[in-house]
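Below you'll find the structure, written out as structure tokens, and then a few comments.
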Amino acid sequence: QTGYVTLDSGYKNTGATKSAITFLDGEEGILRYRGYPIEQLAEKSSFLEVAYLLIYGALPSKAELDEFSHQITKHTLVHEDVRKIFDGFPSAAHPMAILSSLICSLTAFYPKSIDPNQSAEEMNLNILRLMAKISTIAAWTYKNSQGHPLNYPRNDLDYTSNFLYMMFSFPTEKYDINPVVVSALNKLLILHADHEQNCSTSTVRLVGSANASLYGSVSAGINALWGPLHGGANQEVVEMLEAIQADGGDTSKFIAKAKDKNDPFRLMGFGHRVYKNFDPRAKIIKKAADEVLTALGINDPLLKIAQELEQAALTDPYFVDRKLYPNVDFYSGIIYKAIGIPTEMFTVMFALGRLPGWIAQWKEMRENKEPIGRPRQIYTGELERDYVSIENR
Ligand code: SDX
């Protein structure tokens, strides 16, 4: 081994890059996108406005936002050959598997997106195409899993309403857009839009640093997000709450399991690498969960189980000593469920929300001409030894 290497598994103390996009303070529980507090954006902004802010660095004027929204609406239709690819997927295929492969396949339809020296205009066109087409492809993964006819996007609907329409409408009947659902989804997408150098964003940057295309880099990020320790946790949380409910609702039994080092069970939706305080997004989502269920007249017993778990963990030394608080995934599934999104689509929803962050971080890495990512290691293998012919083994 030549030269010094500092081992930092999990990159717990490694700054991999400089970035001007998102600011996190884990001790204080602060999250800001381009300097704007997440609490204000969640209340006052729209998902496309936040996407514009993250990608281009400033809040858009009305004209800029209208043009950005119009361009995205224009690109929501996908090539018919993409629709035909769905015929090759079994309905049992997990939506995240289909999403990552179809997003990567967009390079086949837009070959210039592979060129690392593409013009700024071409890069921006690929950004608009990706923002638009992921919503159509994501909705189609759900329809494909249900054996339902795919719904084409509509240009008379805003981004969030169009997604809900493609997810839940049927050609055979009128679909009414519920403003409570649109507002709840808009808020969730904003809260997931970026989060500094998390696992999937670091994956997008690392793959992109090899001059891989935006579509290929985001496809890699989708697979990293799918991991149950990362974005896959939102699906695990609701499955955990359902298991507690099926088991009779005794939360103390599951708190004990989470503390038992011999038991692989973890309290999903709890803990965070950076936040050693409340995840500010969890606070907003918890409040929104109450509001949405009340507005929709839904009484979901899982919400009560989640609140009991949270209360128990916040007073238990095991969790307090380790500074384990609810994270973004703890309550989000309660809202997704209330607006009719099935658990196997929860991480797809996370990807939909996180896409502008992935795009912004990939774009910043490219514009800063960052070098290819290539970490070193501490070698712990065999010292030099000679080959042994098979007769002598
Ligand atoms: C996301 O990075 C991001 O920003 C991610 C994200 C984003 O927006 O991109 O915020 C989204 O991924 C949120 C996290 C979703 N994951 C989960 O909810 C899965 C459950 N949480 C954990 O697996 C864990 O807390 C992590 C993965 C989130 C963080 O892991 P770390 O920082 O590597 O911490 P660790 O595993 O070393 O845990 C420290 C201690 C350990 O105990 P000891 O060895 O000290 O005795 O805390 C324990 C862990 O066993 N612990 C838990 C626990 N989380 C940590 N014990 C029980 N239940 C848990 N949930």
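Residue numbers for the sequence shown follow UniProt numbering, so the first one is 36 and each next one is one higher. All C-beta atoms, glycine included, are put in the ideal place defined by N, C-alpha and C.
Contact set for Lys358: own chain, Cβ-Cβ below 6 Å, skip 5 residues either direction:
On the sequence shown, position 323 is the one that residue 358 refers to. These residues qualify, in order along the chain: Lys311.
Does the beta carbon of Phe313 fall short of 6 Å from some heavy atom of the ligand SDX?
Counting from one through the sequence shown, the residue named residue 313 turns up at place 278. Result no, Cβ not under 6 Å from the ligand SDX.
Select from Ala247, Pro410, Asn246 and Leu226 the residue whose C-alpha is nearest the C-alpha of Leu42.
Counted from its first residue, the sequence shown places residue 42 at position 7. Answer by Cα proximity: Pro410.
Counting only runs that start and end within the stretch 163-232, where is the alpha helix (DSSP H) found for 4 or more residues in a row?
194-203 and 214-226
Burial state of Ile425, where buried means 16 or more other Cβ atoms lie within 10 Å:
Against the sequence shown, residue 425 aligns to sequence position 390. Classification of Ile425: exposed, given that the 10 Å Cβ count is below 16.
Per DSSP, the bridge partner or partners of Ile65:
Numbered from its first residue, the sequence shown carries residue 65 at position 30. According to DSSP, Ile65 bridges with Asp60.
Grouping DSSP H, G and I as helix and E and B as strand, with all else coil, what is Phe300?
The sequence position of residue 300 within the sequence shown is 265, counting from 1. Phe300: coil per DSSP, three-state reduction.
How would you call Gln36, buried or exposed, if buried means at least 16 neighbouring beta carbons within 10 angstroms?
Within the sequence shown, numbered from 1, the residue matching residue 36 stands at position 1. Residue confidence is low: Gln36 scores 47 on pLDDT, short of 50, so the model does not pin down where it sits. Its coordinate-derived value is still stated next. Counting Cβ neighbours within 10 Å, Gln36 comes out exposed, since fewer than 16 surround it.
Please state if the CB of Ile107 and the CB of Ser254 are separated by a distance shorter than 7 Å.
The count along the sequence shown starts at 1 and reaches residue 254 at position 219. The count along the sequence shown starts at 1 and reaches residue 107 at position 72. The answer is no: Cβ separation not under 7 Å.
So, Leu134 versus Val309, is the Cβ gap smaller than 7 Å?
What you label residue 134 is simply residue 99 of the sequence shown in a count that begins at 1. What you label residue 309 is simply residue 274 of the sequence shown in a count that begins at 1. Contact flag unset, no.
Can you tell me whether Asn186 is buried or exposed? The criterion is at least 16 other CB atoms within 10 Å of its CB, across all chains shown.
Stepping through the sequence shown from its first residue, residue 186 is reached at position 151. Flag for Asn186 reads buried.
Quick one: using the 10 Å Cβ neighbour count with 16 as the cut-off for buried, is Ala386 buried or exposed?
Position 351 of the sequence shown, counted from the first residue, corresponds to residue 386. Flag for Ala386 reads buried.
Among Val239, Ser287 and Ser367, whose alpha-carbon lies nearest the alpha-carbon of Glu274?
In the sequence shown, counting from the first residue as 1, residue 274 sits at position 239. Nearest C-alpha to Glu274: Ser367.
In terms of residue numbering, what span does the alpha helix (DSSP H) encompassing Ser96 cover?
Within the sequence shown, residue 96 is the residue found at index 61, counting from 1. Note, Ser96: premise wrong, no alpha helix (DSSP H); not H, not E.
With DSSP collapsed to three states, give me the class of Phe121.
Position 86 of the sequence shown, counting from 1, holds the residue named residue 121. Helix, per DSSP.
Lys79 versus Pro299 - alpha carbon distance:
Numbered from its first residue, the sequence shown carries residue 79 at position 44. Numbered from its first residue, the sequence shown carries residue 299 at position 264. Using only the alpha carbons, I get a separation of about 41 Å.
Tell me where the alpha helix (DSSP H) around Phe313 begins and ends.
In the sequence shown, residue 313 corresponds to position 278, counting from 1. Looking at the DSSP string, Phe313 is not in any alpha helix (DSSP H), and its letter there is neither H nor E.
Between Val216 and Ile374, how many whole angstroms is the CB-CB distance? I'm expecting something under 8 Å.
For this step, residue 216 is matched to residue 181 along the sequence shown. For this step, residue 374 is matched to residue 339 along the sequence shown. Right, the Cβ-Cβ distance comes to about 5 Å (below 8 Å), so this counts as a contact.
Got a sec: does the ligand SDX put a non-hydrogen atom nearer than 6 Å to the Cβ of Met303?
Taking the sequence shown and counting its residues from 1, the one referred to as residue 303 is at position 268. True, at least one ligand heavy atom lies under 6 Å from that Cβ.
Contact between the stretch 401-419 and the stretch 88-107 is defined here as three or more beta-carbon pairs at a separation below 8 Å; is this criterion met?
Contact between the stretch 401-419 and the stretch 88-107 is absent, because fewer than three Cβ pairs lie under 8 Å.
Please say whether Lys168 and Ala77 have beta carbons closer to each other than 7 Å?
One-based indexing of the sequence shown puts residue 77 at position 42. One-based indexing of the sequence shown puts residue 168 at position 133. It is not a contact, given that the beta carbons lie outside the stated cut-off.
Closest to Tyr353 by C-alpha separation, out of Ile333, Lys322, Asp193 and Gly306, would be which residue?
The residue given as residue 353 occupies position 318 in the sequence shown. Nearest option by C-alpha distance: Gly306.
Can you find the residues in the same chain that come closer than 7 Å, C-beta to C-beta, to Ile376, ignoring five residues on each side of it along the sequence?
Here residue 376 corresponds to residue number 341 of the sequence shown, with the count starting at 1. Hits under 7 Å: Met384.
The ligand ATP heavy atoms versus the CB of Asp364: any closer than 6 Å?
With respect to the ligand ATP, the structure offers nothing, as its ligand set consists of the ligand SDX.
Is Pro72 helix, strand or coil by DSSP?
Here residue 72 refers to the residue found at position 37 of the sequence shown. Strand, per DSSP.
Once you ignore the five residues that flank Gly256 on each side, which residues in its own chain have a CB closer than 6 Å to its CB?
Position 221 of the sequence shown, counting from 1, holds the residue named residue 256. Taken in chain order, the residues that qualify are Ser235, Thr238, Val239 and Trp393.
In three-state terms, what does DSSP make of Gln36?
Looking up residue 36 in the sequence shown gives position 1. Only weak support is given to the placement of Gln36: the predicted model assigns it a pLDDT of 47, under 50, and the value that follows is read from those uncertain coordinates. Three-state DSSP puts Gln36 in coil, outside helix and strand.
By the three-class DSSP mapping on this structure, what secondary structure does Pro410 have?
Stepping through the sequence shown from its first residue, residue 410 is reached at position 375. In the three-state reduction of the DSSP assignment, Pro410 falls in the coil class, being assigned neither a helical nor a strand state.
Grab me the residues of Lys147's own chain with a C-beta within less than 6 Å of its C-beta, minus the 5 sequence neighbours each way, in chain order.
On the sequence shown, position 112 is the one that residue 147 refers to. Excluding residues within five positions, the ones whose Cβ falls inside 6 Å are Gln153 and Glu157.
7 Å Cβ cutoff met for Gly388 and Ala228
Against the sequence shown, residue 388 aligns to sequence position 353. Against the sequence shown, residue 228 aligns to sequence position 193. Yes; because the gap between Cβ atoms is below 7 Å, this pair is in contact.
So what does DSSP say about Pro336, is it helix, strand or coil?
By one-based count along the sequence shown, residue 336 stands at place 301. Three-state result, Pro336: helix.
What residue range does the alpha helix (DSSP H) around Thr142 cover?
Taking the first residue of the sequence shown as position 1, residue 142 is located at position 107. Run containing Thr142: Pro130 to Phe144, per the alpha helix (DSSP H) assignment.
Let me know the secondary structure DSSP gives Pro361 once reduced to three states.
In the sequence shown, the residue the question calls residue 361 occupies position 326. Pro361 falls in the strand class under three-state DSSP.
Consider the C-beta atom of Asn233 and the heavy atoms of the ligand SDX; say whether any pair is separated by less than 6 Å.
Numbered from 1 along the sequence shown, position 198 holds the residue referred to as residue 233. At least one heavy atom of the ligand SDX is nearer than 6 Å to the Cβ of Asn233, so yes.
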